[in-house]
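Heads up: take any position in the sequence shown, counting from 1, add 20, and you land on this note's numbering. To start, the structure itself, in structure tokens.
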Amino acid sequence: MRTTFTAAAPFSGSLGSFPIACPAQAAARDLPGRRERKAGRGKTSSFAMGLFGKTQEKPPKELVNEWSLKIRKEMRVVDRQIRDIQREEEKVKRSVKDAAKKGQKDVCVVLAKEMIRSRKAVSKLYASKAHMNSVLMGMKNQLVSFSRY
């Protein structure tokens, strides 16, 4: 069964000389002005509705510290992965030299490709680590700019 909808007439209200296109715009006009919003900044409620009533919210500084710890922990994990890959690359490099001494050209080619793949993986890990560091700095910057108000 297919249902077809017909276009209803738009909400016809007015806000000064501007017509209101939808009820959402009508509700938006009731919002406080910018100066009123700025005056109340920083005075947020310290409670939020939890499962069993009101629970206390963590202040932004604690949240940023918590998230920073998690990000730094992940950065250490990435560092560990980089070291592991580089260690394996050294082993492969020795294997390439041994295979070259024995005259096994096809083995050398396969191992050289493996070394290239590992270098690409390391560069991607460095990029992801830089991205995590960028997120960390962004969070701290947001916290500083948030605490000014």
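Yeah, the Cβ is synthetic: ideal placement off N, Cα and C, and Gly gets one too. These numbers come from a predicted model, not from an experiment.
Using a 10 Å radius around the Cβ and a threshold of 16 neighbouring Cβ atoms, would you call Leu131 buried or exposed?
Leu131 counts as buried, since no fewer than 16 other beta carbons sit within 10 angstroms of its beta carbon.
Where do the ends of the alpha helix (DSSP H) carrying Gly158 lie?
Secondary structure note for Gly158: its alpha helix (DSSP H) is the uninterrupted segment 125-167.
Assuming contact is defined by CB atoms lying nearer than 9 Å, are Met157 and Trp87 in contact in what I supplied?
No, Cβ-Cβ distance for Met157 and Trp87 is not below 9 Å.
Just to confirm, are Asn153 and Met95 a CB contact at a threshold of 9 Å?
Yes. Within cutoff.
Pro80 (DSSP reduced to helix, strand or coil)
Helix at Pro80.
Cutoff 8 Å; reference Gln101; Cβ partners in own chain excluding five residues on either side:
Counting only Cβ-Cβ distances below 8 Å, and skipping sequence neighbours, we find Leu145.
If you measure between the beta carbons of Lys111 and Leu163, is that distance less than 9 Å?
Taking 9 Å as the Cβ cut-off, Lys111 and Leu163 do not qualify as a contacting pair.
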